[in-house]
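In our numbering, the protein residues as written are 18 to 303.
The beta carbon of each residue, even a glycine, is placed where N, CA and C say it ideally should be.
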Amino acid sequence: MAKNIPAALSDWQTNVVSQMALNDPSKLAEYALHISRIVAYSNLVIQDELAKIDEIGKKIAKSMKSSSEFRPTQFIEKINHQLYKIENFKGNRDDYYNPSNSLLNTVIKRKTGNPITLSILYIQLANSLKFKLYPVNFPSHFMVKHVLDDEENEIIIDPFNEGRIMDDYSLKELLDHFYPKMNIALTRKLVDKASNPDVIIRMLNNLKTSFFECQDFDSADLVNEMILGINRDDQHSLRDKGMVFLHKKRYEQALKYFNLYLEKFPEANDVDSILELIRKIKTSDL
């Protein structure tokens with residue numbers, strides 16, 4: 018059944034986009050749950066899902082006699098033990114692109130997810146312990162970090178891999194794994210704190226990719242519009258608006274957005290493939 022996109026986008030604007038100026042990482046779980054509610058689970062009760070996370074946090078707190086005496090690495094050890102050893106959460110490697118991995122409520126239920134949903138869960142748990150974590154928009158693999166008191170040092174944590182603490186060597190290894198032969202330099206910019214809009218856009222992009230993969234173009238269209246609701250000039254979403262129309266065989270609208278994409282982003286690395294799609298549409302070679 019086609020989704021009521023205008024109503025969904027109004028909901029999205031009211032409950033998430035208008036709130037993002039605060040840029041508080043502790044709000045990410047709430048925003049992620051709104052994504053679940055708007056996209057897939059209309060009857061989802063946000064506070065009930067947050068309470069499930071808080072219950073895990075209470076179990077961790079109970080195991081800590083006095084959190085004020087704990088070092089950052091001890092907080093991490095406690096969270097890791099409860100989340101991965103007791104609760105049995107894990108990264109979903111077997112079905113990585115399943116849309117459910119990007120829906121936080123299903124991650125809570127099934128105890129498996131992708132790097133970004135597990136990172137948001139990890140941040141929320143840490144927040145319940147008053148242990149401050151920040152999202153890290155690392156290339157191809159989302160993570161979190163704790164900034165030490167001197168602001169000069171930080172601890173990078175990989176929630177997808179059971180809360181592993183990442184040093185420079187393991188971060189570079191990860192870069193080389195995702196971008197072989199490119200020899201991308203590891204810079205501090207790659208582990209900067211990510212803003213809430215950046216996190217949510219990345220989460221929505223993951224979800225959109227999953228919907229394209231399973232050919233759910235109505236859902237892909239909605240998620241794409243949710244991204245544009247945050248950033249009207251988002252490069253990939255402008256292109257993907259054309260892709261949605263193409264898949265729905267609405268060729269005139271597809272041409273309009275492909276041409277707009279090329280006009281706005283003439284140096285995009287997929288210009289040749291978009292030009293080829295335009296050629297095929299115009300020559301009815303699809």
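When the options are compared against residue i, the one with the closest alpha-carbon
i, options, result
"T300", "V288, Y268, Y151", "Y268"
"F275", "G259, A285, Y196, K44", "G259"
"K273", "I295, E72, R249", "I295"
"I137", "A49, R127, N223", "A49"
"L207", "Y58, K189, N213, M199", "K189"
"S236", "L39, T134, D257, V216", "D257"
"F262", "L245, F234, D287", "F234"
"A24", "E242, H264, N248", "E242"
Same chain, Cβ closer than 6 angstroms to residue i, five either side skipped, listed in chain order
i, result
"L100", "F106"
"H163", "P89, L150, I172"
"V240", "L221, L224, K225"
Residue(s) in a DSSP beta bridge with residue i
i, result
"H163", "I172"
"P152", "V161"
Cβ-based neighbour list, residue i, same chain, cut-off 7 angstroms, excluding 5 preceding and 5 following
i, result
"L146", "G74, I77, A78, S84, F92"
"M81", "F87, K95"
"L191", "H158"
"F155", "L207, V208"
Pairwise C-alpha distance: residue j and residue i
i, j, result
"Q252", "L277", "10 angstroms"
"D209", "Q64", "30 angstroms"
"M18", "R219", "Note that M18 scores a pLDDT of 42, beneath 50, so its modelled location is shaky; the value from the coordinates is reported in the next line. Computed Cα separation, rounded: 26 angstroms."
"N178", "E171", "18 angstroms"
"I173", "D184", "7 angstroms"
"V124", "T31", "25 angstroms"
"E104", "K128", "8 angstroms"
"N222", "P152", "16 angstroms"
"Q270", "F148", "48 angstroms"
"N200", "I140", "30 angstroms"
"I298", "N131", "36 angstroms"
Per-residue DSSP class, three states only, for residue i
i, result
"G180", "coil"
"K44", "helix"
"K210", "strand"
"L129", "According to the sequence displayed, residue 129 carries Thr and not Leu. Correct three-state label for T129: strand."
"K107", "strand"
"D250", "coil"
"R267", "coil"
"Q232", "coil"
"E284", "coil"
Same chain only: Cβ atoms within 8 angstroms of residue i, ignoring 5 sequence neighbours per side
i, result
"N115", "N109, S227"
"N97", "E179, G180"
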